[in-house]
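**Student:** Position in the sequence shown (first residue = 1) + 6 = the numbering used here.
A virtual CB, placed ideally from N, CA and C, is assigned to each residue, including glycine.
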Amino acid sequence: MAALVDAAREVARQLLETPLPRRWSHVQAVAAKADRISAAVPVEDRDVLVASAWLHDVGYSPDLVDTGFHSLDGGRWLRRERYDERIAALVAHHSCAWLEAEERGLAEVLAAEFPREETAVTDALCFSDMTTGPDGQDFEVLERLAEIRSRYGPEHLVTRFIRRAEPEMVAAVQRTQRRFAGNAQRQPI
Ligand SMILES: [Fe+2]
Numbered sequence: 007m008a009a010l011v012d013a014a015r016e017v018a019r020q021l022l023e024t025p026l027p028r029r030w031s032h033v034q035a036v037a038a039k040a041d042r043i044s045a046a047v048p049v050e051d052r053d054v055l056v057a058s059a060w061l062h063d064v065g066y067s068p069d070l071v072d073t074g075f076h077s078l079d080g081g082r083w084l085r086r087e088r089y090d091e092r093i094a095a096l097v098a099h100h101s102c103a104w105l106e107a108e109e110r111g112l113a114e115v116l117a118a119e120f121p122r123e124e125t126a127v128t129d130a131l132c133f134s135d136m137t138t139g140p141d142g143q144d145f146e147v148l149e150r151l152a153e154i155r156s157r158y159g160p161e162h163l164v165t166r167f168i169r170r171a172e173p174e175m176v177a178a179v180q181r182t183q184r185r186f187a188g189n190a191q192r193q194p195i
């Protein structure tokens, strides 16, 4: 199944590397982190996690902006390209996107188009994204959330979203750390 991950990396590289090099740095670090933390999810889900990490921000690519809500745009594009349906839905909902969708008036659209799973995979994807900065640096989750708020400014809808999402994001990070610690003791990574 490494082919799934390789294909995801190549798709993300083509969409992000040249037009959005800073975003591409972030994405490479998020994928590396998802790989490192993959013992937090069942063995059969690990490639799905890492492939989703590679693809989670493709919706920022100028080639495929549609609504301007990157999670939904990324999920829609992956579906149009007949990409794996579960991965398209993970991208559409990544990192509490349903709360950002509410701020954008797109909650019903997102929910109608993509099923939202609530699993160790969604938590680990959120962990990987929310502990990685815009240049790929490691952050504690609260540092990362503060960085986003300062980047967008106090009035921006992304800042409102992040404020609302903070408890759920922190909980997802903590659940992932607990699962990783538990599973890493039981099985070789
Ligand atoms: Fe991200």
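#1: Is the closest heavy atom of ligand 1 to the C-beta of residue 99 under 7 Å?
#2: Does ligand 1 have a heavy atom nearer than 7 Å to the CB of residue 135?
#3: For residue 41, which of helix, strand or coil comes out of DSSP?
#4: Starting from residue 77, trace the alpha helix (DSSP H) both ways and give me its first and last residue.
#5: For the segment 116-124 against the segment 12-29, do three or more pairs of beta-carbon atoms, one drawn from each stretch, fall closer than 8 Å, so that the two count as touching?
#6: Going by alpha carbons, who is nearest to residue 22 out of 44, 54, 50 and 68?
#7: Output the boundary residues of the alpha helix (DSSP H) element that contains residue 97.
#8: Between which two residues does the alpha helix (DSSP H) harbouring residue 147 extend?
#9: Of the choices 74, 89 and 151, whose alpha-carbon is the least far from that of residue 112?
#10: Please name the residue or residues paired with residue 138 in a DSSP beta bridge.
#11: I think residue 127 touches residue 61, with their Cβ atoms under 8 Å apart; what is that distance to the nearest whole Å?
#12: So, is residue 106 buried or exposed, given that buried needs 16 or more other C-beta atoms within 10 angstroms?
#13: Using 8 Å as the threshold, is the C-beta distance between residue 114 and residue 163 below it?
#14: Report the rounded CA-to-CA distance for residue 85 versus residue 78, giving the unit in angstroms.
**Tutor:** In terms of the structure at hand:
#1: Incorrect: residue 99 has no Cβ contact closer than 7 Å to ligand 1.
#2: Yes, ligand 1 has a heavy atom inside 7 Å of this Cβ.
#3: Here residue 41 sits in helix by DSSP.
#4: Counting along the chain, the alpha helix (DSSP H) containing residue 77 begins and ends at 76-86.
#5: The count of Cβ pairs closer than 8 Å, one atom from the segment 116-124 and one from the segment 12-29, stays below three, leaving the stretches out of contact.
#6: When each option's Cα is compared against that of residue 22, the closest is 68.
#7: Residues 91-98.
#8: 147-158 is the extent of the alpha helix (DSSP H) around residue 147.
#9: For the options 74, 89 and 151, the alpha carbon positioned closest to that of residue 112 is the one of 74.
#10: DSSP output for residue 138 lists 144 as bridge partner(s).
#11: For residue 127 against residue 61, the beta-carbon gap comes to about 13 Å, at or over 8 Å, which does not count as contact.
#12: Taking a 10 Å sphere around the C-beta of residue 106, we find 16 or more other C-beta atoms and assign the residue as buried.
#13: No; because the gap between Cβ atoms is not below 8 Å, this pair is not in contact.
#14: Annotation: residue 85 to residue 78 spans about 11 Å, alpha carbon to alpha carbon.
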